[in-house]
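Data first, discussion second: the structure below is written as structure tokens.
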Amino acid sequence: KEETLDFGYSTIGYNYEVIHFNHLLREGKIESDIMTFSFSKKLMKTLDKISQIIGLEY
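Numbering (this note's numbering), first residue to last: -3 to 54.
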């Protein structure tokens, strides 16, 4: 039996990233104070390590 659940969300969150990015562009900034390059790099390394541990290849 197929069932569709509606949780009332109108977005999955990417619109907030787009709004923030547009704000950065208008301000002439090249890096977010919320998601810094340093944090992004650490996050990518963490996700790569997890992928390696669980054997995920893409």
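Beta carbons: idealized from backbone N, C-alpha and C, even for Gly. Computed from a prediction, not measured in an experiment: that's the story for all the values here.
| Item | Value |
| --- | --- |
| Do His16 and Ser34 have their C-beta atoms within less than 8 Å of each other? | no |
| At the level of alpha carbons, what is the spacing between Val14 and Tyr5? | 17 Å |
| Determine the extent of the alpha helix (DSSP H) in which Phe33 is found, giving its start and end residues. | Phe33 to Ile50 |
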